[in-house]
Amino acid sequence: MAARKTTARTTRAKKCPDCKGTGETTETVRVGSVRNSHETTDRQAALCLTCLGTGHATN
Ligand SMILES: [Zn+2]
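Taking numbering that gives the first Met the number 0, I'd label the letters of the sequence shown as residues 0 to 58.
Okay, structure coming up:
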């Protein structure tokens with residue numbers, strides 16, 4: 000396999016629409032199964048999978 004160029008840093012960086020440029024998203028943590036489903040109000044900061052934490056849109 001040939002080495003692929005990564006375009007992690009581009010001069011024209013757009014903000015990621017998912018995390019709005021922060022690089023991380025907050026998702027509501029859901030605890031419980033189907034029979035015992037209740038959502039907690041806890042929020043977990045997670046790395047944005049859209050931009051992989053860069054905060055920039057990939058395209
Ligand atoms: Zn993002």
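Glycine included, C-beta positions come from ideal geometry on N, C-alpha and C.
Q) Per DSSP, leucine 46 is paired with what? A) Glu23
(Q) Which residues does DSSP list as the beta-bridge partners of glutamate 13? (A) Here residue 13 is lysine; the residue named in the question, glutamate, does not match the sequence. None, per the DSSP bridge assignment.
Q) Does the Cβ of threonine 24 have 16 or more other Cβ atoms within 10 Å, making it buried, or fewer, making it exposed? A) buried
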